[in-house]
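Only one structure is covered here, and it is reproduced in the block below.
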Amino acid sequence: MGNVLTNYGGYFGYMTRPFFMQKFCTSHIHDGTPICFSCERMESRERGGYSDLNDGRNLCLECKDSAIMDSKECQNLYIEIQKFYESLHMNLDHKIPLLLVERQELIQVVERINNGNNEIFEPRGICLFSEKVTINTITRGPEFEAGNRASGIRTKPRKLIQRPCGVTAILIVFGLPRLLTGSIIAHEMMHAWLHSDEGYHGLSDEVEEGICQFMAHMWLEAKRPYYEIKLWVFFKFKIEQNTIPAYGDGFRAARRAVYKYDLQQTLQHIRTTGNFPF
Numbered sequence: 026m027g028n029v030l031t032n033y034g035g036y037f038g039y040m041t042r043p044f045f046m047q048k049f050c051t052s053h054i055h056d057g058t059p060i061c062f063s064c065e066r067m068e069s070r071e072r073g074g075y076s077d078l079n080d081g082r083n084l085c086l087e088c089k090d091s092a093i094m095d096s097k098e099c100q101n102l103y104i105e106i107q108k109f110y111e112s113l114h115m116n117l118d119h120k121i122p123l124l125l126v127e128r129q130e131l132i133q134v135v136e137r138i139n140n141g142n143n144e145i146f147e148p149r150g151i152c153l154f155s156e157k158v159t160i161n162t163i164t165r166g167p168e169f170e171a172g173n174r175a176s177g178i179r180t181k182p183r184k185l186i187q188r189p190c191g192v193t194a195i196l197i198v199f200g201l202p203r204l205l206t207g208s209i210i211a212h213e214m215m216h217a218w219l220h221s222d223e224g225y226h227g228l229s230d231e232v233e234e235g236i237c238q239f240m241a242h243m244w245l246e247a248k249r250p251y252y253e254i255k256l257w258v259f260f261k262f263k264i265e266q267n268t269i270p271a272y273g274d275g276f277r278a279a280r281r282a283v284y285k286y287d288l289q290q291t292l293q294h295i296r297t298t299g300n301f302p303f
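Numbering (the numbering used here), first residue to last: 26 to 303.
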């Protein structure tokens, strides 16, 4: 998150954000100053006007500019990532619904799957396996009233059915920038790809989450936009430096393996042994 200097000898503590050259007094962490849910920058006088998504999240103007707000808007990005997988000869034979949902809807789905246990981090996407459930998906994203507060979200119940591949849907929380949304889709699509092949069942969290994180990072690397460069670097950095073992250590192990043996050999080794090659 940055470096925190506590008060000592009359000096005030402050925090810094990597990449964004932002310094702020640590008192602002608890005084209600908006923090962008996407890039983690804190609202400042120079960067005022953060948008309130009305669910405890805020978006800075840069992240809001490319934010994807409803399921229909997300489909072209989904097709783009499907083609990315196809270019790697990793086709998914079954059409899996991609649905954007509200924050609380996603949290409730994750908690139900985990028998009420809270995750150690807030979920932004999930791949559902063999679940016959009804999901309230967003059909129209929010409008922003005076004061940049979201309102007018429309949702529609969507009954999910079990599919031959064992995956029923991919759910993504609405309101994230296109680059971040795409990386989450790439991650969750890898879960779907792994679970569509019996040979990859029973993987450890570190192996499965690690290779999924690698695919998200690989998609970001392939994008390299001419705009939003700081966000692009930041989202890659968050994957590279993740401190949660299954995601961070798993990603770094996956990257070492793919760089040494290439993607297809790494996947074949995982399929055969359940582990990364070394």
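Where a beta carbon is used, it is the ideal one built from N, C-alpha and C, also for glycine.
Name the one or two DSSP bridge partners that Pro202 has.
Ala92
Can you check whether the CB of Leu245 is closer than 8 Å to the CB of Lys261?
yes
For Gln187 and Glu111, what's the separation of their Cα atoms in angstroms?
23 Å
For Arg174, which of Cys88, Asn79, Ile93 and Leu292 has the nearest alpha-carbon?
Asn79
Start and end of the alpha helix (DSSP H) containing Phe259?
Ile254 to Glu265
Sheet register partners of Asp77 (DSSP bridge)
Asn83 and Arg174
Residues in its own chain within less than 8 Å of Ser96 by CB, not counting five upstream and five downstream?
Leu123, Leu124, Leu125, Thr162, Ile163 and Thr164
For a quick check, are the C-beta atoms of Gly227 and Arg82 less than 8 Å apart?
no
So if DSSP puts Phe154 in a beta bridge, which residue, or which two residues, is it bridged to?
Val192
Output needed for Glu168: all residues of its chain with C-beta closer than 8 Å, excluding positions within five of it in sequence on either side, in chain order.
Ala175, Ser176 and Gly177
Among Ile269, Leu131, Met215 and Cys85, nearest to Gln107 - alpha-carbon criterion:
Met215
Could you tell me which residues DSSP pairs with Lys181 in its beta bridges?
Thr162
Beta-carbon spacing of Phe301, Ala271 below 8 Å
no
With DSSP run on the structure shown, which of helix, strand or coil describes Phe62?
coil
For Glu223, which residues in the same chain have their Cβ closer than 6 Å to its Cβ, ignoring the five residues on either side in sequence?
none
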